[in-house]
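Novice: Protein chains in written order, with the numbering used here: chain A, 126 to 496; chain B, 164 to 899; chain C, 916 to 1093; chain D, 589 to 689; chain E, 93 to 231.
We treat Cβ as the ideally placed atom computed from N, Cα and C, and that holds for glycine.
Nothing here was measured: the structure is a model prediction, and the numbers come from that model.
So that we are looking at the same thing, I have put the structure below in structure tokens.
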Amino acid sequence: MNQTVVSYLSKYEFYDYLLALFGNNQGVLAFTIYFLLALIIIGMCATIGGLGTYAERKISADLQARLGPNRVGPYGLLQMLADGVKMMTKEDIMPFTADKALFYLAPLLCLVGVFATLAVLPFAGGFIMADLNVGIFYLVAISSFVGLGVFLGGYASNSKWSMLGGMRGASQIISYEIPVTISILAIVLLAGGMGFGTIVGQQGGLPHQWFLFHNPFAFIAFFVYGVGALAETNRAPFDLPEAESELVSGYHTEYTGMRFGFFALAEYIEVFVVCGVAASLFLGGYNVPGITIDILPVQAAQFVIFMTKTLILYYVVIWIRWTLPRLRVDQLMSVCWKYLTPIAIFNLIGCAIWMVVFNGKSIAELVLGSH
Amino acid sequence: MEYTVGSIAPIFLSPVIAFVINAFFGRKLPRQGDWLATLSIFVSFIFSARIFGDFVFGQFATDYYIHKVFTWFDLSYGTQIYKIDMGIYIDNMAAIMLVMVSGVATLIHLFSTWYMDHDEKHGRFFVFLPLFTSAMLGLVLSDNLFSLFIFWEIMGFCSYSLIGIYNKKEKAGDASLKAFMTTRVGDVFLLLGIVALWTTLGSVNYVDIYAAIAEGKFLGQTVLGISFATFTALCIFLGAMGKSAQFPLQVWLPDAMMGPTPGSALIHAATMVTAGVWVSLRMYPLMVLGDITWFIAVIGAITAFGAATIAVVQTDIKAVLAYSTLSQLGYMIMGVGVGSYNAAFMHVITHAMFKACLFLSAGSIIHSVHEQEMPKLGGLRKFLPYTHFAMMCCTLAIAGIPFFSGFVSKDRILGDALYYGFMAGQNPLLAIVPILGFAGAGLTAFYMFRMMFMTFYGENRTHHDDHGHGHGHHDAKGHEAHGHDIHHEHLDVRQNVPLLILSVFTLGFWFCGTLTGQSFGKVFGAKTEWFKVLVEAPRVERFVNHPRQEFSKVDTKEAAHLEHAHYHHQTGYAGPNPDEHKLHSAHTIGAIASIIIAFAGVFLAFLMYIKGSVKPWASKFPGLTKVLQNKYYFDDFYIEVLIKKGLLGLNRGLAWFDMGIYDRFAVDGWAAVNRVLFKSAKWFDNVVVDAIGVDGTGVAVNLFNLVLRIVQSGKIQFYFIMLIMVLASYIWTVNI
Amino acid sequence: MFLEFLFISSAVLTVSCALGVLVVKNIMHSCVFLLGSLMGVAGLYATLGADFVAVTQIMVYVGGVVILMLFAVMLTGGTDFISRAQNLLGLAPSMGNKWTYGMGLFVGVVFLLTNIKLLMGLTQTLPTKTINNEFPSTVTEIGHLLVKDHVLAFEISSVLLLGALVGAAIIARPRKQN
Amino acid sequence: MMSLASYLIISLILFVVGLMVMISRKNIVAILLGIELILNAAALNFVAYSRYVTNNLDGHIFSLFIIVIAAAEAAVGLAIVIRFFQIKETIHVDEATQLRN
Amino acid sequence: MIPAEFDGLMPVVIFMGLAVLLFFGGHFLSVALAPKKPSHLKSTPYECGELPVGSAWSMFNVRFYVVGLIFIIFDVESVLMFPVASIFRELNDMGQGGYALIIFLSFISVLIEGIAYCWRKGDLDWVKSFQHSLKKETK
């Protein structure tokens, strides 16, 4: 049985009142709750994505000793709104040689792939839309829609830059999926389950209880995951599919207006999702140190902790983007296949052996002697 | 004694392990891993010998068997049962077969380490040899037709690889392809039979099939207008025909000598060809139920006689042996057909012993003299004394001389055939079975001794050898050089010991407990004939409601409640036979006749090739000789008519059909092809059909061509459409 | 209610996209329709409670096979490539013409009728099992089956995949033309 | 609504459509698409039977391996197609005639 | 108690539906708000100001396919490894850790063999042909 947010809420009394309000129709009530929460999450993520563009400009300006956006609103905070309005009001242009149906479809695929991952992201112990038994596996699988969207976007534009960017993007995304998947496998192996609830529940709130410090292999796996995730989201230094200096704008060269906006939105939300996954897989997720009781305030604290960890990682991602230079295509491939994948497999084997030899205990447990 | 999986599985697994190691790391091992292969087969032999000893030297109990099953997959729903079990089934027959296969294979491996020394294909040879053996052992161990089929196909692949191991020689490649393709024809039918059994019975386990026969589940079912039992039995027997190289599908076996001689020994003696006989024996109750034993007997008799006639004119020493194998396989199949289950199986064992020995001896000769044409050999008796001794023993055995094993088994088959053909009140036309059988026996004695005399006796003709092969520098010095080359045959463990061991087992009393094979002259105080007691056709009613043994269960023979064998001297278990005295007299007549015939054959060979007082008759019947040398034109028929004229010519026609270039030339060409076809069919009618006496084939060829022409278009989607159509028509016609 | 909705939408997606694969003239669109059909099948798996198989379907097909097919289309001349021989000999266009479609329709109908006959016979004997709406987790069970009952298949499949990798890499590897 | 029969019918439709794709298309990649559909029909049947008939998950395992094999088949098949294209400059199935004579 | 049919699947479907909804909503907004003045030149594919020559759907290098090929094989292998990995801890607690480790390692070793093969044969080099010819020249 999968845990969901509805089954979590049904423990509380007000759920029964709600149920009575909906005429004892479980289905409609559940749908309503899910729908509202989904709207909230998407709104939040869209805001984070929008703020992401703002933050990116601000941070880059900071790193380059500039001011960044400061005209629209206080500290330029409304810049993101201005961007959004600009995108909506821009003319929608489609190349006359384009493959029209696929040109429409490509941003949708990206969007679906990213949004569907939000369903399993563990914001808090109860506030996880669906704690699927196949959670992380589902997340890896469904996010491969993005690669498809990138490829089709590049293809459908029928422009040379787009096509090159799309091919590169698709091959990059699928390549880096391998080290990421294998690193995740190592964590699944340590946690003994694929559901996010299981994985986070196996960790604790304090750093020594995190899987990051569970054993040396998991520690390396975190960095393999990080590098792979950067590449999967087409972030610098792996932003080859949209390398401005080489490919104009890569697979979305021909996209304008709202459709470009969808690509951008999908990308920023995906970065958020990837950071959230990293936080919950390696950094203890939503666990509040020292508190195990399950009441609503604790849930709020869990949410805050999760968001803090995720946003810190988000900051690191932006930081990396403006610090490191872009890789060459051949370096990109050799980093993936000749370094990350062998290291990831090595980590997986190491974790398996660790599990058997030390009976699943972490370093801290071994050192401190706790059980 | 306890039987667990651990004590049975190594029989099959140790050669497989050797295969895997040799396949991947063989080149890095010392001597390319041949010792490993040999050792692994020897391990199999040890384990088999344990089972053998337990089954045979324990109390005689015919009905004891080990049967371990696990379900591989189960597609049954509701009351319909469709499942495939995998498992192990060992009864007395399997125990004997196992020890024979592993023992003979061990000796062949040992010999091969000598024979293949410094050969460029040494490593590759020792990759396939253990796999081949393990497939045969697995086939013997398997408890159902499906796993049998798997091992059957592995053997097919291995034989393909072994025959074509010298892949630089075009002839070897062709021969391997031929072996593969010809056996495929049979395999298709075997698979069809297995699937038909599976869809009807829901299981292809031997035990389930026996039980179904006993319960009468086959009765009243028909497929395509013939009874279901006949259909399945025929399909399975056609598969056996392909593997055991019976009459219409025999063409691959003589070409199988293209491989190294020990490989041929393994193919011809212990494995591969006996698999066909094995499945016929296992499915014997089905064959009886399907009422096709007369067909089996006739096919066996035709093969036995026809192959013997061809062997008479062959000059290549391996070709003679190959045709003698064909002929002996004919006897085995004939034995199955005429109902002498026990003797047919005994012939499998005895034949394996002496034929392995013969092939190894031939290998020894070829490796020492580098010559395999008999007219260029001669007088080797002095140079190769051990080989000569071993080969003489085996020749005596195969020729059916009393005191030797071949006499015992073959004589019993012939006795039963005699009874079957003349006294059992069958169709009088079936009298052809014993007649062909006895004629073949005489020919066997003749050609085997012809081979012996031409090879080992008379003067040494090797110095006439003047075509330039790699040993030209020896030949330059003539006779002495060759004498020098081969004079030093001393007792080499790897060369001679396998021969000598095998030749010991050509003596008859090992198998029947008496010196003569008849009821007098007992040795070693044997109370009764162990072989006859232990091996009997399965009594199907025993298997009704048999308990299913789980794979992990431990068997002990002591725990089994057994009724001990009550063996009736002549009739086996069947109780008093009303025709007992007839059977007895048939056996007596058969024994006497076969002794006379055998000695007559030997005497004729003696006159022709030693005394020289009778000229060989080849010059007297040039036409017949030509026909025989061309193997009754079977190869020509298959290649020239069926493949070249049929497939290739018509493919060209179809290319035209595909491209849609429809013009006068194409039409003319079409007509020309048709004319050629008609002519060849007519020629075939006149020459081949009349000679052999099967009518209607020519017409069939024409029809066959017409069908092939349409079907062989080379368009993959067209094949696909045909596949669907055939499937649909099958489903619509057969009422499922 | 929700399950019925999911079932119906998945079934409609599956069937309509499969028909799209059949009728569309552009191979690229055909591939995308295949994607839709496979997603529909994944949805059907989900309604059957086979969560792991459903996700595997998405992972392997969406992430792998369809992208590979799109790559292959791009590597073989794109969507509207017509070879010289095809023009010369007047072969059917690569996405079929009315003759090939007629043949396909004929075979399809024959097969459909045949199968309906089989299914008719089958429905008489189908056992009825009471279905509850509980979907227990299949992952653990599948894991246990993979390491216990089907361990041989599990190991052999890795060898199969290795073989596929090596074989396909050898076949597809760019070769220098002499 | 949701019963074994409806799943079987969907899988039958999938199979027949795959069959028709295989026969009516002359592009080898399109034929491979048809094969994928057919394999999916088979896998769907296995899972449906596993839920409605048997009480074990063997059907899931079967369809898992069907997916695995489909992936391997697609990989090798497309590699062959690409190689074929490199040699013959076409992916028309009727021009694959190298083994004919 | 929540009926089982709602667990898990519904949010997934809702999120997908919302993505589609958002997509079409955004489209609707953009159609409503954005100006629409199409011209031929505006809708030519961007090629830095030049007029494009030929279609972009041309043939690509086969190395893209080889990457996809290696990916799909690894993908499938990782799919098979997921269930085994997720019961690894359970098996270990049941005292069958050694057995599970052997199963797991033998599976992974084949995976490693695959990547080693591709590495050795140079399928992982993006610019293999270039390096290859360079080596030849230096020889």
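Going by DSSP, which residues form a beta bridge with residue 248(B)?
Specialist: On the second sequence, residue 248(B) is found 85 positions in, with the first residue counted as 1. Looking at the DSSP assignment, residue 248(B) forms a beta bridge with 234(B).
Novice: Helix, strand or coil for residue 203(A), going by three-state DSSP, please let me know.
Specialist: Start at 1 with the first residue of the first sequence, and residue 203(A) comes out as number 78. Residue 203(A): coil per DSSP, three-state reduction.
Novice: Considering only the beta carbon of each residue, do residue 619(B) and residue 768(B) sit closer than 8 Å?
Specialist: Residue numbering aside, residue 619(B) sits at position 456 when the second sequence is read from its first letter. Residue numbering aside, residue 768(B) sits at position 605 when the second sequence is read from its first letter. No, Cβ-Cβ distance for residue 619(B) and residue 768(B) is not below 8 Å.
Novice: Can you give the Cα-Cα distance for residue 738(B) and residue 764(B), rounded to whole angstroms?
Specialist: Locating residue 738(B) in the second sequence gives position 575, counting from the first residue. Locating residue 764(B) in the second sequence gives position 601, counting from the first residue. Per-residue confidence for residue 738(B) stands at a pLDDT of 46, beneath the threshold of 50, marking its modelled position as unreliable; no derived number is given.
Novice: With 9 Å as the limit, tell me which residues of the segment 606-633 of chain D have their beta carbon closer than that to any beta carbon of chain C; keep them in chain order.
Specialist: Going along the segment 606-633 of chain D in chain order, one finds 606, 607, 608, 609, 610, 611, 612, 613, 614, 615, 616, 617, 618, 620, 621, 622, 624, 625, 628, 629, 631 and 632 with a Cβ nearer than 9 Å to chain C.
Novice: Interface residues of chain A around residue 213(E) at Cβ under 8 Å?
Specialist: Your numbering for residue 213(E) matches position 121 in the fifth sequence. Neighbours of residue 213(E) on chain A: none; closest Cβ ~12 Å, over 8 Å.
Novice: Cα separation between residue 283(B) and residue 235(B)?
Specialist: Counting from one through the second sequence, the residue named residue 283(B) turns up at place 120. Counting from one through the second sequence, the residue named residue 235(B) turns up at place 72. Their Cα atoms are separated by approximately 41 Å.
Novice: Do you know offhand how far residue 168(A)'s Cα is from residue 110(E)'s?
Specialist: As a working note, residue 168(A) is residue 43 in the first sequence. As a working note, residue 110(E) is residue 18 in the fifth sequence. About 11 Å.
Novice: Which chain F residues sit within Cβ distance under 7 Å of residue 276(A)?
Specialist: No chain F is part of this structure, whose protein chains are labelled A, B, C, D and E.
Novice: Suppose the cutoff is 7 Å on Cβ atoms and the five residues either side in sequence are ignored; what does the same chain contact list for residue 170(A) look like?
Specialist: Walking along the first sequence from the start, residue 170(A) turns up at place 45. Excluding sequence neighbours, residue 170(A) sits near 243, 394 and 397.
Novice: Does DSSP classify residue 620(B) as helix, strand or coil?
Specialist: Within the second sequence, the letter at position 457 stands for residue 620(B). Reduced to three states, the DSSP call for residue 620(B) is coil.
Novice: Under 8 Å, with one C-beta from each stretch per pair, do the segment 1029-1036 of chain C and the segment 938-956 of chain C reach the 3-pair mark?
Specialist: no
Novice: Check the Cβ of residue 884(B) against every Cβ in chain C and list those closer than 8 Å, keeping chain order.
Specialist: Mapped onto the second sequence, residue 884(B) falls at position 721. Close partners of residue 884(B) in chain C (Cβ separation under 8 Å): 1018 and 1022.
Novice: Out of 338(A), 452(A), 314(A) and 406(A), state which residue places its alpha-carbon closest to the alpha-carbon of residue 181(E).
Specialist: Position 89 of the fifth sequence, counting from 1, holds the residue named residue 181(E). With distances taken between Cα atoms, residue 181(E) lies closest to 314(A).
Novice: State the Cα-Cα distance for the pair residue 828(B) and residue 441(B), rounded to the nearest angstrom.
Specialist: Residue mapping note: residue 828(B) aligns to position 665 of the second sequence, counting from 1. Residue mapping note: residue 441(B) aligns to position 278 of the second sequence, counting from 1. Its pLDDT being 41, under 50, residue 828(B) is placed unreliably by the model, and the measurement read from it follows with that caveat. Their backbone Cα atoms lie some 53 Å apart in a straight line.
Novice: Is the Cβ-Cβ distance between residue 965(C) and residue 635(D) less than 8 Å?
Specialist: As a working note, residue 965(C) is residue 50 in the third sequence. As a working note, residue 635(D) is residue 47 in the fourth sequence. Yes, the Cβ-Cβ distance between residue 965(C) and residue 635(D) is below 8 Å.
Novice: Using a Cβ-Cβ distance under 8 Å, would residue 882(C) count as near chain D?
Specialist: Since the displayed chain C opens at 916 and closes at 1093, residue 882(C) lies outside it and no answer follows.
Novice: Could you work out which residues of chain B lie near residue 1063(C), taking near to mean beta carbons separated by less than 9 Å?
Specialist: As a working note, residue 1063(C) is residue 148 in the third sequence. Per Cβ cutoff of 9 Å: no residues; residue 1063(C) is ~12 Å from chain B at best.
Novice: Should residue 735(B) be labelled buried (16 or more other beta-carbon atoms within 10 Å of its own) or exposed?
Specialist: Reading the second sequence from its first residue, position 572 is the one you call residue 735(B). In this predicted model, residue 735(B) has a pLDDT of only 47, less than 50, meaning its place in the structure is not dependable; the value taken from the coordinates is given anyway. The residue is buried, with at least 16 neighbouring Cβ atoms inside 10 Å.
Novice: Output needed for residue 368(B): all residues of its chain with C-beta closer than 7 Å, excluding positions within five of it in sequence on either side, in chain order.
Specialist: Within the second sequence, residue 368(B) is the residue found at index 205, counting from 1. Once the five neighbours on either side are set aside, the close Cβ partners of residue 368(B) are 248, 306 and 307.
Novice: List, from N- to C-terminal side, the alpha helix (DSSP H) runs of 4 residues or more that fit wholly inside the segment 443-475 of chain B.
Specialist: Secondary structure within the segment 443-475 of chain B: the alpha helix (DSSP H) runs of 4 or more consecutive residues, fully enclosed, are 447-453 (chain order).
Novice: DSSP state of residue 413(A), grouped into three classes?
Specialist: Locating residue 413(A) in the first sequence gives position 288, where the first residue counts as 1. Correct three-state label for residue 413(A): coil.
Novice: Could you pull the start and end residues of the alpha helix (DSSP H) that residue 264(B) belongs to?
Specialist: Within the second sequence, the letter at position 101 stands for residue 264(B). Here the alpha helix (DSSP H) through residue 264(B) covers 255-278.
Novice: Would you be able to state if there are at least three C-beta pairs under 8 Å between the segment 335-346 of chain A and the segment 272-288 of chain A?
Specialist: no
Novice: If you follow the alpha helix (DSSP H) that residue 858(C) is in, where does it begin and where does it stop?
Specialist: No information on residue 858(C) is available, as it lies outside the stretch 916 to 1093 that chain C covers here.
Novice: Is there at least one Cβ from chain D nearer than 8 Å to residue 879(B)'s Cβ?
Specialist: For this step, residue 879(B) is matched to residue 716 along the second sequence. Chain D places a beta carbon closer than 8 Å to that of residue 879(B), counting this residue as a contact.
Novice: Say whether chain C places a C-beta atom closer than 8 Å to the C-beta of residue 120(E).
Specialist: In the fifth sequence, residue 120(E) corresponds to position 28, counting from 1. Cβ-Cβ to chain C under 8 Å: no for residue 120(E).
Novice: Residue range of the alpha helix (DSSP H) that residue 467(A) falls in?
Specialist: As a working mapping, residue 467(A) is identified with position 342 in the first sequence. Element bounds for residue 467(A): 466-482.
Novice: Which residues in chain E have a C-beta closer than 9 Å to the C-beta of residue 670(D)? List them in chain order.
Specialist: For the purposes of this step, residue 670(D) is identified with residue 82 of the fourth sequence, where counting begins at 1. Result: 154 and 157.
Novice: Of all the CB atoms in chain D, is at least one closer than 8 Å to the CB of residue 112(E)?
Specialist: As a position in the fifth sequence, residue 112(E) is number 20, starting the count at 1. Answer no: the Cβ-Cβ gap between residue 112(E) and chain D never drops below 8 Å.
Novice: Since residue 606(B) contacts residue 471(B) with CB under 8 Å, what's their CB separation in whole angstroms?
Specialist: As a working mapping, residue 606(B) is identified with position 443 in the second sequence. As a working mapping, residue 471(B) is identified with position 308 in the second sequence. The Cβ separation is near 4 Å, so the contact holds.
Novice: In whole angstroms, give me the CA-to-CA distance for residue 496(B) and residue 544(B).
Specialist: Here residue 496(B) corresponds to residue number 333 of the second sequence, with the count starting at 1. Here residue 544(B) corresponds to residue number 381 of the second sequence, with the count starting at 1. About 35 Å.
Novice: For residue 311(A), collect the residues of the same chain with a Cβ closer than 7 Å to its Cβ; drop the 5 residues on either side in sequence, then sort them by chain order.
Specialist: Residue mapping note: residue 311(A) aligns to position 186 of the first sequence, counting from 1. The beta carbon of residue 311(A) is closer than 7 Å to those of 342, 343, 346, 472, 473 and 476 in its chain, skipping five residues each way along the sequence.
Novice: For the segment 931-949 of chain C, list every residue whose C-beta sits within 9 Å of some C-beta in chain D, in sequence order.
Specialist: 933, 934, 936, 937, 942, 945, 946, 948 and 949
Novice: Buried or exposed, going by whether 16 or more other CB atoms sit within 10 Å of the CB of residue 639(D)?
Specialist: Looking up residue 639(D) in the fourth sequence gives position 51. So residue 639(D) ends up on the buried side.
Novice: Select from 295(A), 229(A), 200(A) and 216(A) the residue whose C-alpha is nearest the C-alpha of residue 155(E).
Specialist: Locating residue 155(E) in the fifth sequence gives position 63, where the first residue counts as 1. Out of 295(A), 229(A), 200(A) and 216(A), 295(A) has the C-alpha closest to the C-alpha of residue 155(E).
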